[in-house]
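Participant:
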Amino acid sequence: MKKINLKSGAMAAVLAGTMALSMVPATAFAAEAQPAATVTYTSAGVTKDWTVASEAQYSASQSFSFDLTYVGAENGGYSGSQSLTYNGATPATGTILKTVEVSNLAKKSGLTYEGTISQKDLFSGFKFDTPGVYHFQLSERTSDNKNVVTDTETYDVYVNVAWADGSIEQPEVKSVVFKKVTGTKTDSAEFDNTAKENHKLTISKKVAGTAANTDDEFTFSLTVSNATGTYNVVKDGETTTLEAGRAYTFTLKHGEQIEVQNLPEGATYTVTETNTKDYDSTDVADEDSTTAATVTNGEGTPTGKGTIATEDDTVTFTNNKGFAPQTGVTMNMLPGIAIAVVAVAGGATLVIRRRNRSGQDF
């Protein structure tokens with residue numbers, strides 16, 4: 364009878380099983396790593412309102428920037444430690460982690476435009492590995508637009524992370540809470556930019572002297588600096604625009620003026636009369652004591668300067684030709700005066716003749 368060696372068979376079976384197990388990937392026995400939580404809410408995280416002084420000052424390319432700073436984390440009742448990453452790195456507390464921008468603001472009403480940044484976009488790049496309350500602060504950067512008053516409000520933003528329902532391994536963002544530093548809760552971080560205090564600049568023209576002509580037209584060049592964008596210019600009820608930093612050319616006759624509107628406080632201006640024709644001199648009345656009060660023809664360029672402060676500014680150019688009669692009569696008025704003198708003289712002669720005739724009848 365043949366004997367069966369059960370011991371050797373058992374050993375063979377164990378070896379076969381061991382070999383089979385060795386062919387199974389080790390990852391099959393490891394617990395699958397759970398994905399980190401992210402903010403997926405599409406509701407507004409930042410709400411921006413921008414009110415302009417005039418439509419001329421709106422620009423779709425104007426952007427507003429906001430800094431997001433990581434403050435720290437609390438356990439929120441979770442016994443473990445808190446862990447998050449931004450773009451794959453663990454952030455340090457007290458550092459600005461990202462800057463977000465809103466641009467191409469849309470018309471809201473009147474002179475106010477609005478734009479938003481979603482919560483998802485605000486926290487893009489952040490991953491929350493464990494439950495807890497993650498604390499951030501959000502503030503607006505000072506705008507480079509000279510017409511804008513930047514909102515100085517700072518918001519505390521809390522990202523609340525907990526285990527997903529029915530899980531003790533999968534973290535999930537449960538809410539994002541916005542509060543002003545005063546503690547007032549808001550739906551989003553709301554920033555309102557208003558128009559900076561602004562004033563108008565009026566530039567006017569006069570002529571004087573016996574040889575002056577009120578129909579003469581004079582050319583000017585105006586440059587506005589330390590300002591941003593475009594501004595309305597009104598002349599005789601018609602509106603054009605000038606761009607800050609670029610020369611704006613215009614003409615004026617006696618009694619005419621232009622009005623540049625909504626220039627922000629701090630804006631500077633320089634206006635020159637580029638063609639004085641053949642007038643003897645030009646008087647300039649402006650806000651800058653460094654400019655010449657009177658410029659003789661051929662000896663310089665009549666220039667007015669100033670800085671917009673707390674009230675409207677004016678610059679007046681008066682061109683002089685001939686002597687200035689006490690009556691203020693100018694040459695272009697003389698033809699009419701001559702006609703009037705002739706008419707009066709003719710009337711007097713007629714009266715004298717009639718009197719002489721009446722004397723002959725006695």
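Numbering (our numbering) for the sequence shown: 364 to 725. Heads up, the beta-carbon is just placed ideally off N, CA and C, and yes, glycines get one too.
(1) I'd like to know whether the C-beta atoms of I621 and I671 end up nearer to each other than 9 Å.
(2) Let me check understanding here. Comparing Cα to Cα, which of A655, T677, F499 and A455 lies closest to L431?
(3) DSSP on D579, reduced to helix/strand/coil?
(4) Is the separation between the beta-carbon of T360 and that of T414 shorter than 9 Å?
(5) Looking at the secondary structure, which residues open and close the alpha helix (DSSP H) in which K483 lies?
(6) For the ligand FMN, any of its heavy atoms closer than 8 Å to the Cβ of V524?
(7) Using DSSP's beta-bridge definition, name the partner residues of Y518.
(8) Buried or exposed: where does Q533 fall if 16 or more other Cβ atoms within 10 Å of its Cβ makes it buried?
(9) What is the rounded straight-line gap between the Cα of T645 and the Cα of F583?
(10) State the Cα-Cα distance for the pair Y441 and E464, rounded to the nearest angstrom.
(11) Apart from the five residues just before and just after T614, which ones in its own chain have a Cβ nearer than 6 Å to its Cβ?
(12) Please report how far the alpha carbon of T602 lies from the alpha carbon of S472, in whole angstroms.
(13) Whole angstroms are fine: how far does the CA of F427 sit from the CA of E516?
(14) Can you give me the C-alpha to C-alpha distance between V634 and D676, rounded to a whole angstrom?
(15) For D676, report the span of its beta strand (DSSP E) as first-last.
Facilitator: According to the structure data:
(1) No, they are not a contact pair.
(2) Looking at the Cα atoms, F499 is the closest of the given residues.
(3) Of the three classes helix, strand and coil, the one that applies to D579 here is coil, per DSSP.
(4) Because the chain in this structure spans residues 364 to 725, residue 360 falls outside the shown range and cannot be described.
(5) Run containing K483: Q482 to L485, per the alpha helix (DSSP H) assignment.
(6) The model depicted lacks the ligand FMN and carries no ligand whatsoever.
(7) DSSP lists L501 and K543 as partners of Y518.
(8) The residue in question, Q533, is exposed, as its Cβ has fewer than 16 Cβ neighbours within 10 Å.
(9) Here the C-alpha atom of T645 lies approximately 13 Å from the C-alpha atom of F583.
(10) Y441 and E464 have their C-alpha atoms some 34 Å from each other.
(11) Cβ neighbours of T614 beyond the five flanking positions: E580 and T582.
(12) One C-alpha to the other measures close to 22 Å.
(13) Distance between the alpha carbons of E516 and F427: 14 Å.
(14) Rounded to whole angstroms, V634 to D676 spans 12 Å at the Cα level.
(15) Where D676 is concerned, the enclosing beta strand (DSSP E) stretches over D676 to N683.
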